[in-house]
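Using numbering that gives the first Met the number 0, the first residue of the sequence shown is number 0, and each one after it goes up by one.
Positions of the beta carbon are idealized from the N, C-alpha and C atoms, including for glycine.
So the structure is just underneath, and the comments pick up after that.
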Amino acid sequence: MRRPTPTGKRWQNDALRRRLSLAAGEAQSHRADAAVQRVLALLSDENLASEAAHAPSPEGFELECGVLEQVWEDPRVYNRRGQLERQGVTVEQVEVETTVAGKTFRRTRLRVGF
0 MRRPTPTGKR
10 WQNDALRRRL
20 SLAAGEAQSH
30 RADAAVQRVL
40 ALLSDENLAS
50 EAAHAPSPEG
60 FELECGVLEQ
70 VWEDPRVYNR
80 RGQLERQGVT
90 VEQVEVETTV
100 AGKTFRRTRL
110 RVGF
């Protein structure tokens, strides 16, 4: 038979659960913000100029980005894409399939065109 939990103990458990929930929410927010910052770093003028200088094609290039799908519609990424479009640079999300040992893997890449 279970002993009833004292009210004070229940209050402490509830407070601990609330703090853990808040901490988990903050951690998720930090991860999302870090993902946005990664994509914005890829789309920075300096990085794009550097990648364009080494690109095999004069029309554009593709960049690998594991978090692209998660942050593609984020307002900061959306605004940066708009800035680049006004400068004549197209940025689009492209899904690439690779087959290795009979298994198909899908990855999302960032295609940049001039």
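Have a look at residue i and residue j and give me their C-alpha separation to the nearest angstrom.
i	j	result
L72	A31	It is worth fixing the name first, because residue 72 is Glu in this sequence and not Leu. The straight-line gap from Cα to Cα measures roughly 12 Å.
R80	Q86	10 Å
R37	G65	10 Å
V35	V99	30 Å
K8	E25	26 Å
L83	E96	27 Å
Y77	K102	33 Å
E50	V88	13 Å
E94	E45	25 Å
E61	A52	13 Å
N126	L21	Past the boundaries of the shown model lies residue 126; the chain is included only from 0 to 113, so the question cannot be answered.
A33	Q92	19 Å
Could you pull the DSSP bridge partners for residue i from this structure?
i	result
G59	S56 and G112
Q36	Answer is none; Q36 lacks a bridge partner.
V137	This structure cannot settle anything about residue 137, because the visible part of the chain is limited to 0 through 113.
R80	For R80, which the question treats as bridged, DSSP gives no partner whatsoever.
Could you give the C-beta distance for residue i and residue j, rounded to a whole number, given that I count them as a contact under 8 Å?
i	j	result
R108	E63	6 Å
R110	G59	7 Å
Tell whether a beta-carbon distance below 9 Å holds between residue i and residue j.
i	j	result
F113	P57	yes
V90	L39	no
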